[in-house]
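Chains C and D supply the protein sequences, listed in that same order. The numbering of the first sequence is the numbering used here, which starts it at 3 and goes up by one. The numbering of the second sequence is the numbering used here, which starts it at 2 and goes up by one.
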Amino acid sequence: MGRAERMTMRLDLSTEARLEEARLTTRRHFLRHCSLGLGAVYLAGLGDPAWSASGPGAVDLTNPLIPRPPQFAPRAKRVIYLHMAGAPSQLEMFDYKPKLMELDGQRCPDSLLAGRKFAFIRGVPTMLGPQYEMKQYGQSGAWVSEVLPDFAKVVDDVCFVKSMYTGEINHAPAQLFVHTGAPRLGRPSLGSWVVYGLGSENQNLPGFIVLVSGGHAPDAGKSVFGSGFLPSVYQGVQCRSHGDPILYVTNPDGVSRDERRQALDTLNALNRKQLAEVGDPETLARIAQYELAFRMQVSVPDVMDIEKEPAYIHEMYGTEPGQESLANNCLLARRLVERGVRFVQLFDWGWDSHGASEKEALNSGFKRQCRVMNKAVSALITDLKQRGLLQDTLVVWGGEFGRTPMQENRGGVINKFVGRDHHPEAFTIFLAGGGIKPGISYGETDDLGYTIVRDPVHVHDLQATILDRLGFDHTKLTYDYLGRPFRLTDVEGKVVRSILA
Amino acid sequence: MSAVPRFSWASWSVRVGALGATAIALGGGLWLGTDLLRSGPDVEFSRDIKPILNENCTVCHGGVKQAADFSLLFPEEALKPSKSGKPPIVPGDPDESLLIRRVEHTDPSERMPLDHPALAPEQIELLRRWIEQGAKFQPHWAFVAPERPGVPEPEGKAWPEGKAWIETPIDRFVLARLEQKAIRPAPEQDRRKLLRRVSLDLTGLPPTESELAAFVADRSPRAYERQVSRLLASPRFGERWAAWWLDLARYADTKGYEKDMPREMWPYRDWVVRAFNANMSFDRFTIEQLAGDLLPDATDDHRIATGFHRLTMTNDEGGTDDEEFRTAAVIDRLNTTYEVWQAVTIGCAQCHNHPYDPIRQKDFYRSLAFFNNTADDDREDELPTLGIYESEADRAKGRPLEQRIRELTLQHEAMVEPERSTDAPRMLTGAAKREHDRLGKQVEALQKRLAPLRKAALPVMEEVHGAARRETHIFERGNWTSPGAVVTPGVPVSLPPLPKGAAANRLGFARWLVGPDNPLTARVIVNRLWDQLFDAGLVETVADLGSQGEAPTDTHLLDWLAVHFRDDLEWDVKRLLRVMVMSATYRQDNRPREDLADRDPRNRLLARGPRDRLSAEMVRDQALAVSELLSPKMFGPGVMPPQPAGVWRSPYNDLDWETSPGEDKYRRGLYTFWKRSAPYPSFVAFDGPSREFCVSERGTTNTPLQALVTLNDPVYLECATALAEQMQSWDVSAARRLARAFTRLTAREPKPDELALLVDYFEGAKTRFAAQPDQAQALAQGDAELAAYAATTSIMLNLDEVLTK
């Protein structure tokens, strides 16, 4: 038995013994009935009464992340949400539009412009044909662009939704809409709703972890993974590629793990005396949180360290340990769900292909983004599948809106590089695993990829569908705030039954 | 309202008849008998009926939906005939009332509420009795002006010493209620613990060793009062209470949204600190922030105060429609104003009538109209701004420059304003283009001259006049792109009207908020202040005093405080806080009481003192204070204490956190630069909000990330080491040194077994650090003893007792 293992053993046994002692000291009935502080928050927030009897109503006051059953049998136990921040162009990736090729360079007909507002297009723009070849792949015959050669091999495992739409035309509000169900700040994010509903399966790691690549935070800032009015324990915890993976997870220089253990033993002993003297259950919760912090100091760096992965895995994902990249984050996502993390949220910045600069050009910067994503996301799906995780892990990929079939002419002048403007009326996402029908394409846009002609799916519908797969009726996962029950899907949302397995 | 049961012959006879039917339906006479015995007091709409309606009926028959043309929100709507042609409620006649028939129906397809469980027999009975008694609607309690209730005289029966316990009128209310329940209050808190709590509550800082010693030594009966006076007069008072107000004001040093660029809001923050320290009366505090610019002879200070509503977010994201985000800001101003001063969720009425409270959609837009005519327009340069200058001379030189820059900027922009028909910006050629370029250069040159003179450009409120004034429309379904009918400024119909002759503008509105007839403001504010001191408001939902909020735990105490604050104290905040902290109620021992664990686990009866975790700012400030690192410097731009690299990463914004030099590293948390999209991480861990919108309550969580902050954030390590260095200079034994540090942090002597634990750890650590010189080197330049003191101090900084007040 190695030293580290011995220490863990000792820790677990001694922690347990101490907590038990503390429980006895404070007398059982007192704790059972007391609902101070944290507990009060949960009691105030009960949603559906029928569910609360077995759901969050049974929240252990000292551990709000304890696993809880959903409302009905789930098809997915965890989620990996890959958000391509900036909104990737559906017309260069999956939505095949030969007709648009024919119109390339022609003046945009007035009918496409009348009554519409654009973020940057002014006056009359020209049509822009797809920049890449597309072919059909797999048994499902899914259309995939030439810039995504590896992804073409996993298409039979994914379900495309080509008829997504949103009400928001700017990045920050549109990202908030996708992740919190509302375009303004203040609502809990999808991940925090899920962890509020289900708790976490790994008590040594946060239940909702966020990984960011592309050099920037998402446009809407931390609110896209915030907890809004839910208790802040449910907010996403960002794990970083540089420095401490979680802020302050590393001991200060000069404080060894052994020394910290000794210090915590003394701290806990003093806190236990306080608990016996004062009898405040919050003290007991605090003792437990310090122990969890101590365990996280090992478990977080351990899960974040991808160097131990075999060479073929690095090859498959295109990872480079030590870098901040979508590839590394995809591999991390697999490592996290493997350890029972409930919700892993990725943000990859750099998909805003306006054509205002080389980085934003569809035939340049965009291609580089695709190259990384192609390999990493295909590897993630393959890897989850080969480990038997895909069946109960729901993978969602998408942006916050789509791109116009017109070439952007910022302020009325055609852009220097090839690019497209924001387009909320139609975009493509895909889902895989976790109770989603594989190898299908749902919804359809017109010949130009401009408007939806069949089976529109609103952002709230997607959210309702994700919650459904996790075992929740989206109208019943609620939290009382400012005098009324709130939910992720506001007053809308229909589960997209046709894509369910 | 009389508490004596009233007996009326008229209602008696009706009641027997009506109850007969119920009794038969239930198949037993026992029900009838017991209910008649219980039939004492009248049914009271707010207490007995409104909760049943809110819970079961208003979803379909309320503000949002009026199924079958029937709504229960306003009496005139509820009593008129519905779609069926019959009035659903016939006052005095439950059997003729369709409402009763439908809730009693046996056919599930007819029975209300549809597709939901039937009402309980007791609920139906209450509805029957209410209709029998005339179906009187009653406005929600908070919408009726508070009247000064009589102060109860506790009898002292159960507890003869009780009368001597009373310190302020608050205690009479509390004791009277406790007597009814035969509960005695808790004994007074240990003096030193009490001083620590009141110091943290009033100034946000723990007492110093000498303050503690002076208090312990002062045996006069007025010793505590003297401490309270000292704390209220301390400049630290304004900093602590500003931290509270700035959550409501959504104060931040950046604009929010995507780029989240900085802007210079700090002169407003300093105004708030000064206002609290100068004990500005709350009515003036209100008027200056909401409408200081409209006051006759408005001064710079008045205009600085209006920064309050310029703290709404500005969106610099490319391609955004300025009008969309101007509208969002104006709506936020309205929602924030109603949340802060009225605790009414008016935001519900943006899209439709309020579902539960009597606020119509039109009320929302009439109130919005007060705010819809300011000059700000989601501009990147944040115009209009007010230059802040160091000296009068700079100001005299700077002001004309500001004015000129603004005029030229607007001219410059007007030249390329898009044509309405094409939406494409005008392309300039020839002379026009040359003129445009010249103007641009001129603005740049003037800005260069202004920059060295001006300390800050604070965004302020400024009313627009004449042709520039905007009409306010009702937005269909709340959508700003679907403007409907035009409305004029006005207050909600359920609240008292603007006084005759009052201007229907922001100033008139602000004065109305703090006017004698407003039923909410004084209640809302005393409730918020109570919440700050007592861990929960008298109405627990401090942001919602509407019918969906919690009922007050003691309506009379709330109303007494409200009237006292408004009429006797004339909105004097310090005197109100004094009344609260001087009360015996506040001074009680704050340990949870085992004897009340079942009856009052959450201390709603106030039979013990309040107890809460320190706020994010207090956790930081306390650590700096006890280690004597805390800088007393007040005011000025936000500062940047050490923060890990890579926390700031907004798109299109390359600014980074630059750790402040010198004493600015050790300023109070209040002065920490607040970036909305990435707030200071140690505050976030302790429930500090992003301040993107108004926050009434932070909530108190208990998470492992908090432990990581106070154990590992270099700021806390530095505090521990600084205190350890002082300990080494104290000319006493190691045990005495540890005991003294413990007392600094907890305001009490450690017990022998506690001290033994600390000494054991310290001795062990000293030996371990001596054996591992590299670790002692990293932690304390090789001094094993210093390293051991620092490690022990770090333990003390993490004690539950230290993080709790």
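A virtual CB, placed ideally from N, CA and C, is assigned to each residue, including glycine. Quantities reported herein were computed from a predicted structural model and do not represent experimental measurements.
Exercise for the section: Go ahead and label TRP731 of chain D buried or exposed: buried means 16 or more other beta carbons lie within 10 angstroms of its beta carbon, across all protein chains shown. Expected result: Here residue 731 of chain D refers to the residue found at position 730 of the second sequence. By the 10 Å Cβ count, TRP731 of chain D comes out exposed.
Exercise for the section: Ignore the nearest five residues each way along the sequence and tell me which others in SER795 of chain D's own chain have a CB closer than 6 Å to its CB. Expected result: Start at 1 with the first residue of the second sequence, and residue 795 of chain D comes out as number 794. Cβ within range, chain order: ALA721.
Handout entry: Three-way DSSP call (helix, strand, coil) for GLY188 of chain C in this model
Key = By 1-based counting over the first sequence, the position of residue 188 of chain C is 186. Correct three-state label for GLY188 of chain C: coil.
Exercise for the section: Determine the closest residue to ALA222 of chain C out of D:GLU719, D:ASP219, D:LYS676, with distance taken between C-alpha atoms. Expected result: Reading the first sequence from its first residue, position 220 is the one you call residue 222 of chain C. That would be D:LYS676, whose Cα lies nearest to the Cα of ALA222 of chain C.
Problem - Where PRO153 of chain D sits in the DSSP three-state scheme - result: Position 152 of the second sequence holds residue 153 of chain D. The answer is coil: DSSP assigns PRO153 of chain D none of H, G, I, E or B.
Exercise for the section: Give the residues from the region 268-293 of chain C that approach chain D closer than 7 Å (Cβ to any Cβ), ordered along the chain. Expected result: THR268, LEU269, ALA271, LEU272, ASN273, LYS275, GLN276, VAL280, GLY281, ASP282, GLU284, THR285, ALA287, ARG288, GLN291, TYR292
Problem - Contact between the region 253-260 of chain C and the region 766-784 of chain D (3+ Cβ pairs under 8 Å) - result: yes
Exercise for the section: Could you give the DSSP three-state label for VAL733 of chain D: helix, strand or coil? Expected result: Here the question's residue 733 of chain D lines up with position 732 in the second sequence. Note: VAL733 of chain D maps to coil in three-state DSSP.
Exercise for the section: Reducing DSSP to helix, strand and coil, say where ALA742 of chain D ends up. Expected result: Along the second sequence, read from residue 1 onward, the residue named residue 742 of chain D stands at position 741. In the structure shown, ALA742 of chain D adopts helical secondary structure according to DSSP, grouped into three states.
Exercise for the section: Taking C-beta pairs closer than 8 Å, name the residues in chain D that ASP246 of chain C reaches, listed in chain order. Expected result: Locating residue 246 of chain C in the first sequence gives position 244, counting from the first residue. Near ASP246 of chain C (Cβ distances below 8 Å), the residues of chain D are PRO645.
Practice task
Express the C-alpha separation of TYR339 of chain D and ASP364 of chain D in angstroms, rounding to a whole number.
Solution key: Residue 364 of chain D sits at position 363 when you count from the first residue of the second sequence. Residue 339 of chain D sits at position 338 when you count from the first residue of the second sequence. Roughly 12 Å separates the two Cα atoms.
Practice task
State the Cα-Cα distance for the pair GLU212 of chain D and ARG745 of chain D, rounded to the nearest angstrom.
Solution key: Locating residue 212 of chain D in the second sequence gives position 211, counting from the first residue. Locating residue 745 of chain D in the second sequence gives position 744, counting from the first residue. If I take the Cα positions, the gap works out to 11 Å.
Problem - Cut-off 8 Å between Cβ atoms - residues of its own chain near LEU73 of chain D, not counting five sequence neighbours on either side - result: On the second sequence, position 72 is the one that residue 73 of chain D refers to. Once the five neighbours on either side are set aside, the close Cβ partners of LEU73 of chain D are LEU54, CYS58, THR59, HIS62, GLY63, ALA79.
Problem - Paired residues, beta bridge with GLU446 of chain C - DSSP - result: To locate residue 446 of chain C, count along the first sequence from 1; it is residue 444. Per DSSP, C:ARG456.
Exercise for the section: Could you pull out every residue in the same chain whose Cβ sits closer than 8 Å to the Cβ of TYR717 of chain D, ignoring the five residues on either side in sequence? Expected result: Position 716 of the second sequence holds residue 717 of chain D. A distance below 8 Å between beta-carbons, with the five flanking residues on each side excluded, links TYR717 of chain D to the following residues of its chain, in chain order: ALA624, VAL710, THR711, SER795, LEU798.
Exercise for the section: Confirm, please, whether the CB-CB distance from GLY647 of chain D to HIS244 of chain C is below 8 Å. Expected result: Here residue 244 of chain C refers to the residue found at position 242 when the first sequence is read from its first residue. Here residue 647 of chain D refers to the residue found at position 646 when the second sequence is read from its first residue. Yes, these two residues count as a Cβ contact at 8 Å.
Problem - Neighbouring residues, chain C, relative to PHE694 of chain D (Cβ below 7 Å) - result: Within the second sequence, numbered from 1, the residue matching residue 694 of chain D stands at position 693. Result: LEU187, GLY188.
Exercise for the section: Give a yes or no on whether the C-beta atoms belonging to LEU232 of chain D and SER200 of chain D are separated by under 8 Å. Expected result: Indexing the second sequence from 1 puts residue 232 of chain D at position 231. Indexing the second sequence from 1 puts residue 200 of chain D at position 199. Closer than 8 Å, so yes.
Problem - Exposed unless 16 or more other CB atoms sit within 10 angstroms - verdict on TYR653 of chain D - result: Here residue 653 of chain D is taken as the residue at index 652 of the second sequence, counted from 1. When all chains shown are included, TYR653 of chain D counts as exposed.
Practice task
Verify whether the separation of the beta carbon atoms of PRO426 of chain C and TYR167 of chain C is less than 8 Å.
Solution key: The sequence position of residue 426 of chain C within the first sequence is 424, counting from 1. The sequence position of residue 167 of chain C within the first sequence is 165, counting from 1. Cβ atoms of PRO426 of chain C and TYR167 of chain C: closer than 8 Å.
Problem - Cβ pair GLY352 of chain C, GLN371 of chain C closer than 8 Å - result: Translated into positions along the first sequence, residue 352 of chain C becomes position 350. Translated into positions along the first sequence, residue 371 of chain C becomes position 369. In this structure, GLN371 of chain C lies closer than 8 Å to GLY352 of chain C by Cβ.
Problem - Assigned exposure category for HIS85 of chain C - 16 Cβ within 10 Å defines buried - result: Here residue 85 of chain C corresponds to residue number 83 of the first sequence, with the count starting at 1. It is buried - the Cβ of HIS85 of chain C has at least 16 other Cβ atoms within 10 Å.
Handout entry: Where the region 728-756 of chain D meets chain C: residues whose CB sits under 8 Å from a CB there
Key = LYS752, ASP754, GLU755
Problem - Contiguous beta strand (DSSP E) assignments of at least 3 residues, all confined to the region 511-573 of chain D - result: Correct list: empty.
Practice task
Find the residues of chain C that neighbour ALA329 of chain D, judging by a C-beta separation of less than 8 Å, and give them in chain order.
Solution key: For the purposes of this step, residue 329 of chain D is identified with residue 328 of the second sequence, where counting begins at 1. The contacting residues are ARG186.
Problem - Beta bridge counterpart(s) of PHE365 of chain D as assigned by DSSP - result: Position 364 of the second sequence, counting from 1, holds the residue named residue 365 of chain D. Paired residue(s): none; PHE365 of chain D is not in a bridge.
Handout entry: Local Cβ density within 10 Å of ILE68 of chain C, reported as buried at 16 or more and exposed below that
Key = Your numbering for residue 68 of chain C matches position 66 in the first sequence. Its Cβ having fewer than 16 others within 10 Å, ILE68 of chain C is exposed.
Practice task
Using a Cβ-Cβ cut-off of 8 Å, state whether PRO263 of chain D counts as contacting chain C.
Solution key: To locate residue 263 of chain D, count along the second sequence from 1; it is residue 262. With 8 Å as the cut-off, PRO263 of chain D does not count as an interface residue toward chain C.
Exercise for the section: Kindly indicate which three-state DSSP category PHE429 of chain C falls into: helix, strand or coil? Expected result: Translated into positions along the first sequence, residue 429 of chain C becomes position 427. Looking at PHE429 of chain C - three-state DSSP - the assignment turns out to be strand.
Exercise for the section: Look up TRP145 of chain C in the DSSP assignment and give the residues it is bridged to. Expected result: As a position in the first sequence, residue 145 of chain C is number 143, starting the count at 1. For TRP145 of chain C, which the question treats as bridged, DSSP gives the partners C:GLN138.
Practice task
Could you list the residues in the region 652-665 of chain D with a C-beta less than 7 Å from some C-beta on chain C, going in chain order?
Solution key: PRO652
Practice task
Name the one or two DSSP bridge partners that PRO673 of chain D has.
Solution key: Residue numbering aside, residue 673 of chain D sits at position 672 when the second sequence is read from its first letter. The sequence given here places Thr at residue 673 of chain D; Pro does not occur at that position. Paired residues: D:VAL640.
Handout entry: Nearest-angstrom Cα separation, counted from SER202 of chain C out to GLY366 of chain C
Key = Stepping through the first sequence from its first residue, residue 366 of chain C is reached at position 364. Stepping through the first sequence from its first residue, residue 202 of chain C is reached at position 200. Here residue 366 of chain C turns out to be Ser, not Gly, going by the sequence shown. Approximately 41 Å, taken between the alpha carbons.
Practice task
May I have the straight-line CA-CA distance separating PHE144 of chain D from LEU207 of chain C, to the nearest angstrom?
Solution key: Here residue 144 of chain D corresponds to residue number 143 of the second sequence, with the count starting at 1. Here residue 207 of chain C corresponds to residue number 205 of the first sequence, with the count starting at 1. For PHE144 of chain D and LEU207 of chain C, the distance between alpha carbons rounds to 48 Å.
Practice task
Excluding the 5 residues preceding and the 5 following SER548 of chain D in the sequence, name in chain order all residues of the same chain whose CB lies nearer than 7 Å to its CB.
Solution key: Position 547 of the second sequence, counting from 1, holds the residue named residue 548 of chain D. Within the same chain, SER548 of chain D has close Cβ partners LYS51, ASN55, HIS141, TYR357, ASP358.
Problem - Cβ-based burial, ARG227 of chain D [other Cβ within 10 Å; buried from 16] - result: As a working mapping, residue 227 of chain D is identified with position 226 in the second sequence. It counts as exposed.
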